[in-house]
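> Please read through the structure below; I'll follow up with questions.
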């Protein structure tokens, strides 16, 4: 392109297990000159001044002080997904670099997965599947039972966009919905989903058949659910986590599950991901774990990429940034 | 009332792998003198006259002509569950015996399983669980994707009580809902769930991302979904069956899944149950099967027994029968 070069944007790599999706590259290359980490490291002198933005796809490339120091013209880091706990916002701010995420587009897929986990756990779907296909199965026993979701009590911890969408879905299953949040939602919002506010998380924990975590990970919410909280839960209750692994004291969770302090857990997120292969959570019968797939649909990931593109364009142009994250 | 004065109800057995669950037997004993098949066969002369009802649990005991001929005072077959395809309604009726089922108790849990299967299949939940725990897993690939449920199109074939409850749930996921039924539902009922009637099943099949079967098994619905219907479906579509295995031509389904004519299937029911261990459906990685657990919850099993008890008592007491099933 003569005269007007496309802005240079740093990415980790293309394809493979962690990279930018091959079928997203076409769109991105219409707007940006993509530089992979490998290309950058091979030609730092020329490229470092050109890079105006970082397209951070699934937390890569990792942005640290050293990288920030070597990119004098970096204006924005666009991060995929809604979580920003992996970013040092103060550090980025100190370099005058703006940050964006993709908060709303992930919400319906993540709420859907929360419902999927609750239903799968309660009805013992994974166990049932294993029985249905096992070479040892001769008949289906009559006394093999799960627990009902319809009409049960769901306690939502964190009633942001995702939590509210879970409530909308759960209402259709005639669930009784309790919620705990930093602030109470408006009355009309509560009425629309029949949600009852629990100012104290203890009240929610004591009454719920399912406790679903839909909270941001911050220093305040780190290990929000520990031994005390698990003991407040009913012994027939299930913990569902679609937020971040570090919201839960994992060792306390293992103990609670082993001692049947709670009935079961269904986790889309752990710490770390994946868990070490010898971790007790992988062996417990009353746990199902999915590989952090809350927003893992083709459509959603495509829209995430498009939103990140928009944010980068705005950031480079000095215009108001859609979905900016402030420190 | 002394035990022997209570009406006699025949069951297969209490406990064991196929018998009536112990706590359900306790419920039944409040109203009936329970007689197991073993007790009946050991003392036919005395027991046969006492039996006024058979409580059929998990399709057992089998109701055949021989049994009906040996129970002169039999008034009603009280079935636990809504499906009665295992009962020869005409033959039973010819003996002047009524048949009842339990449509109310099954509706919520079966609708829930339909939703569970749709979500699990779309988001590849079972595969995901396997990856999460596999000893070979070193990292989670970011390009591992499923398909959306929210705002997708759900085609419900069979809009009875269970189908309608599925529609109510799917609406909360902003799904576009199409339905095909023998009869069209009332306008208010359609509007309440945002469901569009497809007079022709073909229209539903061509437009749906998820096709869910919620019909009774009858001679008319036997192999309702065959090669033709599967090829009308989108190649990105998922077939979900929470009715009876025989509603689908299973061989045609295997072929369609192997050739990617459709994306995937999620089946709570097959024919037979369980499938033979070498059946191709067990090996396809785009199929999830559950062991007929549509009503397998503590709550539902209990409610089904209560509903069956109420039906049996109504017949024996000459009162209006809540859920009688008539032969066509």
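Residue numbers (this note's numbering), protein chains in the order written: chain S, 79 to 405; chain Z, 708 to 1035.
Ideal placement from N, C-alpha and C gives every residue a C-beta, glycine not left out.
Remember, it's a predicted structure, so these values are computed and weren't measured experimentally.
Any beta-carbon of chain S closer than 9 Å to the one on residue 853(Z)?
Yes - at least one Cβ of chain S is within 9 Å of the one on residue 853(Z).
> Mind checking which residues open and close the alpha helix (DSSP H) that includes residue 919(Z)?
Careful: residue 919(Z) lies outside any alpha helix (DSSP H), inside the beta strand (DSSP E) at 917-920.
> If you count every other CB in all the chains shown that lies within 10 Å of the CB of residue 144(S), and 16 or more means buried, which is it?
Label assigned to residue 144(S): exposed.
> Nearest CA to the CA of residue 324(S): which residue from 303(S), 397(S), 153(S)?
Checking every option, the nearest Cα to that of residue 324(S) belongs to 303(S).
> Report yes if the C-beta distance between residue 290(S) and residue 233(S) is below 9 Å; otherwise report no.
It is a contact, given that the beta carbons lie within the stated cut-off.
> Compare the Cα-Cα distances from residue 951(Z) to each of 789(Z), 745(Z), 738(Z), 767(Z) and report the closest residue.
Here the closest residue by C-alpha is 789(Z).
> Where residue 740(Z) and residue 718(Z) are concerned, what is the direct C-alpha to C-alpha distance, given to the nearest angstrom?
In a straight line, the C-alpha of residue 740(Z) is about 10 Å away from that of residue 718(Z).
> Specify the secondary structure class of residue 869(Z) as computed by DSSP and reduced to three states.
Looking at residue 869(Z) - three-state DSSP - the assignment turns out to be helix.
> According to a CB-to-CB cut-off of less than 7 Å, which residues of the region 833-851 of chain Z neighbour chain S?
Cβ contacts with chain S: 833, 835, 836, 838, 839, 840, 842, 844, 846, 847, 848, 849, 850, 851.
> I think residue 355(S) touches residue 820(Z), with their Cβ atoms under 8 Å apart; what is that distance to the nearest whole Å?
With a Cβ gap of about 32 Å, residue 355(S) and residue 820(Z) do not count as contacting.
> When you compare each of 113(S), 358(S), 137(S), 249(S) to residue 270(S) by their alpha carbons, which one comes out closest?
The candidate whose alpha carbon is nearest that of residue 270(S) is 249(S).
> For a cutoff of 9 Å on Cβ pairs, would you count residue 1015(Z) as touching chain S?
It does not: the Cβ of residue 1015(Z) has no partner Cβ on chain S nearer than 9 Å.
> Using a Cβ cut-off of 9 Å, pull out every chain Z residue sitting near residue 186(S), in sequence order please.
Near residue 186(S) (Cβ distances below 9 Å), the residues of chain Z are 855, 856, 857, 858, 880, 881.
> Are the CB atoms of residue 809(Z) and residue 784(Z) nearer to each other than 9 Å?
Cβ distance not < 9 Å, so residue 809(Z) and residue 784(Z) don't count as in contact.
> Residue 259(S) to residue 734(Z), Cα distance in whole Å?
Using only the alpha carbons, I get a separation of about 43 Å.
> May I ask you to report which of helix, strand or coil DSSP gives residue 801(Z)?
Residue 801(Z) falls in the helix class under three-state DSSP.
> Counting only C-beta atoms, is residue 81(S) closer than 9 Å to chain Z at any point?
With a pLDDT of only 46 at residue 81(S), under 50, the local geometry of the prediction cannot be trusted, and the value read off the model is given with reservation. With 9 Å as the cut-off, residue 81(S) does not count as an interface residue toward chain Z.
> Under a three-way DSSP split, which group does residue 79(S) fall into?
Note that residue 79(S) scores a pLDDT of 45, beneath 50, so its modelled location is shaky; the value from the coordinates is reported in the next line. It is coil, neither helix nor strand.
> Suppose you measure from the CA of residue 930(Z) to the CA of residue 902(Z); what does that come to, to the nearest Å?
Roughly 25 Å between the two C-alpha positions.
> Is residue 273(S) close to chain Z? Criterion is C-beta to C-beta, closer than 9 Å.
Cβ-Cβ to chain Z under 9 Å: no for residue 273(S).
> Per DSSP, what are the beta-bridge partners of residue 884(Z) in this structure?
Answer is 861(Z), 902(Z).
> Which residues in chain Z have a C-beta closer than 7 Å to the C-beta of residue 406(S)? List them in chain order.
As shown, chain S starts at 79 and ends at 405. That puts residue 406(S) outside it, with no answer to give.
> Using a cut-off of 7 Å between C-beta atoms, extract the partners of residue 77(S) located in chain Z.
Nothing in the structure corresponds to residue 77(S), since chain S is present only between 79 and 405.
> Opposite residue 440(S) in the DSSP bridges: which residues?
Residue 440(S) is absent from the structure shown; chain S starts at 79 and stops at 405.
> Residue 257(S) bridges to which residues according to DSSP?
Answer is 234(S), 275(S).
> Once DSSP output is grouped into helix, strand and coil, what is the label at residue 252(S)?
Coil at residue 252(S), not helix or strand.
> Compare the C-beta of residue 369(S) against all C-beta atoms of chain Z and say whether one is closer than 9 Å.
Residue 369(S) counts as touching chain Z.
> Compare the Cα-Cα distances from residue 716(Z) to each of 1022(Z), 996(Z), 887(Z), 1026(Z) and report the closest residue.
Here the closest residue by C-alpha is 1022(Z).
> Given a cut-off of 9 Å, decide if residue 996(Z) and residue 988(Z) are closer than it, judged by their beta-carbon atoms.
Yes. Within cutoff.
> Take residue 262(S) and list the residues in its own chain whose beta-carbon comes closer than 7 Å to its own, dropping the five residues that flank it on each side.
275.
> Answer yes if the region 813-833 of chain Z comes into contact with the region 962-979 of chain Z, meaning at least three C-beta pairs across the two stretches below 8 Å, and no otherwise.
The region 962-979 of chain Z, when compared against the region 813-833 of chain Z, does touch it at the 8 Å Cβ threshold.
> Please state the DSSP three-state secondary structure of residue 1018(Z).
Helix at residue 1018(Z).
> Are at least three pairs of beta-carbons, each pair with one atom in the region 879-892 of chain Z and one in the region 942-949 of chain Z, less than 8 Å apart?
Taking 8 Å as the limit for Cβ pairs, the verdict is that the region 942-949 of chain Z does not touch the region 879-892 of chain Z.
> Cβ of residue 348(S) within 9 Å of Cβ of residue 199(S)?
Cβ atoms of residue 348(S) and residue 199(S): not closer than 9 Å.
> Since residue 998(Z) and residue 209(S) should fall inside the 8 Å C-beta cutoff, what is the C-beta to C-beta distance between them, to a whole number of angstroms?
That belief holds up - the Cβ atoms of residue 998(Z) and residue 209(S) are roughly 5 Å apart, short of 8 Å.
> Does the beta carbon of residue 343(S) come closer than 9 Å to any beta carbon on chain Z?
No - not a single Cβ of chain Z is within 9 Å of the one on residue 343(S).
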